[in-house]
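Engineer: First the structure, which I've put down as structure tokens, then a few questions once you've had a look.
2 protein chains.
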Amino acid sequence: MPRTSNKDVHPRECSVADTLQIVGERWTLLVIRELLYGVRRFDGIARNTGASRDILAARLRKLEAAGIIRRELYNAHPARYEYHLTEPGRELSDVLSTLMKWGDRHLHREDPPVRWIHVCGEVLDPVVVCAHCGEPARAGGHPTGRGALLD
Amino acid sequence: MPRTSNKDVHPRECSVADTLQIVGERWTLLVIRELLYGVRRFDGIARNTGASRDILAARLRKLEAAGIIRRELYNAHPARYEYHLTEPGRELSDVLSTLMKWGDRHLHREDPPVRWIHVCGEVLDPVVVCAHCGEPARAGGHPTGRGALLD
């Protein structure tokens, strides 16, 4: 079988890949997690994620440039900022919910570290459904469009 | 304000973080994407993701060790394998659905590269809802448990 050479690489056009260019890195998603928990200041985010200060500062800049977070000055001298999710940033909580559910099921089945209580009062069990029919998205389907090549 | 020292780092206990230890890397999630598209052989996965062969081989080993994919021999001499998602692996399609939706909304609003046709016949619009009440998971809530510290 011939080996793939670099010239053969034509990555699939894909919103998953493009989203991962922005948030597809452990620390980035953990920063978003902290903002969802209401931790808004640099030191708290650093402590709760375990990210180094240099990496964290770089990730915050990248998230701000991408319109996922915004900074608010809370202390003028010296300048200190709190970080907040924008609306596109809050939408990423769906990504985190699905990651959490997978980890709860497969890595912490007996004793999940966190349970979210939904506004309905029950422990949140996030399920991904089709907005049209309400059945699980995973029930099946097939891809169409320019990124749907099969090879 | 005192600076965080390394001794102050106590990362939050979290299924998101633990899941990202396994799949929180661009190429890993793109491998899972290819398997969801039905691309099962090394060369096709390499071509469609753009991953180098060394990185791809390492990611495939990691995913197999984590029980997310399994190998099946399809050619004995020389030994060649196809890769398949296990049931835990298929569950990760929910993570990819939410990443795709975010990218479609915020990076490709006019012209998403791929549309998935759900088994119901409609274009899949994946929404994350609470299994108990059916309302969006993002409607709100609060965390409980040992990983729910706020700081």
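Those sequence lines, one after another, are chains A and B.
Sequential numbering from -1 applies to the first sequence in this note's numbering.
Sequential numbering from -1 applies to the second sequence in this note's numbering.
For each residue, glycine too, the CB sits at the ideal point set by N, CA and C.
Note that the structure is a prediction, hence the values are computed from the model and not measured.
Taking contact to mean at least 3 C-beta pairs separated by less than 8 Å, is the stretch 118 to 128 of chain A in contact with the stretch 120 to 134 of chain B?
Structural biologist: yes
Engineer: Does chain A have any CB closer than 9 Å to the CB of B/Tyr72?
Structural biologist: Within the second sequence, the letter at position 74 stands for residue 72 of chain B. Not one chain A Cβ lies under 9 Å of B/Tyr72.
Engineer: Looking only at its own chain, which residues have a Cβ that is under 7 Å from the Cβ of B/Arg68, when we skip the five neighbours before and after it?
Structural biologist: Position 70 of the second sequence holds residue 68 of chain B. So the list reads Glu62, His82 and Thr84, once near-sequence residues are dropped.
Engineer: Using CA atoms only, rank isn't needed, just tell me which of A/His140, A/Asp102 and A/Tyr72 is closest to A/Phe40.
Structural biologist: By 1-based counting over the first sequence, the position of residue 40 of chain A is 42. Ranking the options by Cα distance to A/Phe40, first place goes to A/Tyr72.
Engineer: Please tell me whether A/Lys60 has its Cβ less than 9 Å away from any Cβ of chain B.
Structural biologist: Start at 1 with the first residue of the first sequence, and residue 60 of chain A comes out as number 62. No - not a single Cβ of chain B is within 9 Å of the one on A/Lys60.
Engineer: Check for me: the beta strand (DSSP E) holding B/Pro86 runs from which residue to which?
Structural biologist: Here residue 86 of chain B corresponds to residue number 88 of the second sequence, with the count starting at 1. Per DSSP, B/Pro86 belongs to no beta strand (DSSP E); it is in the alpha helix (DSSP H), Glu85 to Glu89.
Engineer: Answer yes if the stretch 16 to 28 of chain B comes into contact with the stretch 96 to 113 of chain A, meaning at least three C-beta pairs across the two stretches below 8 Å, and no otherwise.
Structural biologist: yes
Engineer: Which of helix, strand or coil does DSSP assign to B/Glu62?
Structural biologist: In the second sequence, the residue the question calls residue 62 of chain B occupies position 64. In the three-state reduction of the DSSP assignment, B/Glu62 falls in the helix class, which pools H, G and I.
Engineer: So, is A/Thr142 buried or exposed, given that buried needs 16 or more other C-beta atoms within 10 angstroms?
Structural biologist: As a first step, residue 142 of chain A must be located in the first sequence, where it is residue number 144. Label assigned to A/Thr142: exposed.
Engineer: Counting only runs that start and end within the stretch 112 to 136 of chain A, where is the beta strand (DSSP E) found for 3 or more residues in a row?
Structural biologist: 113 to 116 and 124 to 128
Engineer: May I ask you to report which of helix, strand or coil DSSP gives A/His104?
Structural biologist: Residue 104 of chain A sits at position 106 when you count from the first residue of the first sequence. Residue state, collapsed to three classes: helix.
Engineer: Buried or exposed: where does A/Pro111 fall if 16 or more other Cβ atoms within 10 Å of its Cβ makes it buried?
Structural biologist: As a working note, residue 111 of chain A is residue 113 in the first sequence. Taking every protein chain shown into account, the CB of A/Pro111 has 16 or more other CB atoms within 10 angstroms, so this residue is buried.
Engineer: What residues in the stretch 14 to 44 of chain B bring their beta carbon closer than 7 Å to a beta carbon of chain A?
Structural biologist: Listed in sequence order: Val14, Ala15, Asp16, Thr17, Leu18, Gly22, Arg24, Leu27, Leu28, Arg31, Tyr35, Gly36, Val37, Asp41, Gly42 and Ala44.
Engineer: B/Pro86: which of A/Gly48, A/Arg136 and A/His140 sits nearest, CA to CA?
Structural biologist: Locating residue 86 of chain B in the second sequence gives position 88, counting from the first residue. Of the listed residues, the one whose Cα sits closest to B/Pro86 is A/Arg136.
Engineer: Specify, as a first and last residue, the run of the alpha helix (DSSP H) that B/Gly42 falls within.
Structural biologist: Taking the second sequence and counting its residues from 1, one reaches residue 42 of chain B at position 44. For B/Gly42, the enclosing alpha helix (DSSP H) stretches over residues Phe40 to Thr47.
Engineer: Among A/Arg144, A/Gly145, A/Arg88 and A/Glu133, which one has its Cα closest to the Cα of A/Leu33?
Structural biologist: Walking along the first sequence from the start, residue 33 of chain A turns up at place 35. Closest by alpha carbon: A/Arg88.
Engineer: Check whether the Cβ atoms of B/Asp92 and A/Trp100 lie closer than 9 Å to each other.
Structural biologist: In the second sequence, counting from the first residue as 1, residue 92 of chain B sits at position 94. In the first sequence, counting from the first residue as 1, residue 100 of chain A sits at position 102. Contact: yes.
Engineer: In chain A, what lies closer than 8 Å to B/Ala63 by C-beta?
Structural biologist: Residue 63 of chain B sits at position 65 when you count from the first residue of the second sequence. Chain A residues near B/Ala63: none, gap ~13 Å exceeds 8 Å.
Engineer: Quick test of your reading: B/His140 and A/Gly139, contact by CB under 8 Å. State the CB separation rounded to the nearest angstrom.
Structural biologist: For the purposes of this step, residue 140 of chain B is taken as the residue at position 142 of the second sequence. For the purposes of this step, residue 139 of chain A is taken as the residue at position 141 of the first sequence. Rounded, the Cβ-Cβ distance is 34 Å, inconsistent with contact.
Engineer: On a CA-only basis, which of B/Leu94, B/Leu90 and B/Glu11 is nearest A/Arg45? Give me that one, please.
Structural biologist: On the first sequence, position 47 is the one that residue 45 of chain A refers to. Minimum Cα distance to A/Arg45 is reached at B/Glu11.
Engineer: Within its chain, find whatever has a CB closer than 6 Å to the CB of B/Ala49; leave out the 5 residues flanking it on each side and keep chain order.
Structural biologist: Walking along the second sequence from the start, residue 49 of chain B turns up at place 51. Cβ neighbours of B/Ala49 beyond the five flanking positions: Trp25.
Engineer: For a test of the three-state rule: what should DSSP assign to B/Arg78, helix, strand or coil?
Structural biologist: As a working mapping, residue 78 of chain B is identified with position 80 in the second sequence. In this structure, B/Arg78 counts as strand in the three-state DSSP scheme.
Engineer: Counting only Cβ pairs nearer than 7 Å, list the residues of chain B close to A/Thr47.
Structural biologist: Here residue 47 of chain A refers to the residue found at position 49 when the first sequence is read from its first residue. Residues of chain B passing the Cβ test: Pro9.
Engineer: What does the Cβ neighbour count give for B/Ala152, buried or exposed, with the cut at 16 atoms within 10 Å?
Structural biologist: The shown model of chain B, from -1 to 149, leaves out residue 152 of chain B, and the question about it has no answer.
Engineer: Please tell me whether A/Gly132 and B/Gly42 are closer than 9 Å, where the distance is taken between their beta carbons.
Structural biologist: Taking the first sequence and counting its residues from 1, one reaches residue 132 of chain A at position 134. Taking the second sequence and counting its residues from 1, one reaches residue 42 of chain B at position 44. The answer is no: Cβ separation not under 9 Å.
Engineer: Rounding to the nearest angstrom, what Cα-Cα distance links B/Pro76 and B/Ile53 in this structure?
Structural biologist: Within the second sequence, the letter at position 78 stands for residue 76 of chain B. Within the second sequence, the letter at position 55 stands for residue 53 of chain B. So the two alpha carbons sit approximately 21 Å from each other.
Engineer: Strictly below 7 Å CB to CB, what residues from chain B border A/Leu97?
Structural biologist: Stepping through the first sequence from its first residue, residue 97 of chain A is reached at position 99. Chain B residues near A/Leu97: Val14, Thr17, Leu18 and Val93.
Engineer: Does the distance from the CB of A/Arg57 to the CB of A/Val29 come in under 9 Å?
Structural biologist: Here the question's residue 57 of chain A lines up with position 59 in the first sequence. Here the question's residue 29 of chain A lines up with position 31 in the first sequence. Cβ distance < 9 Å, so A/Arg57 and A/Val29 count as in contact.
Engineer: Three-state secondary structure (DSSP) at B/Arg31?
Structural biologist: By one-based count along the second sequence, residue 31 of chain B stands at place 33. Note: B/Arg31 maps to helix in three-state DSSP.
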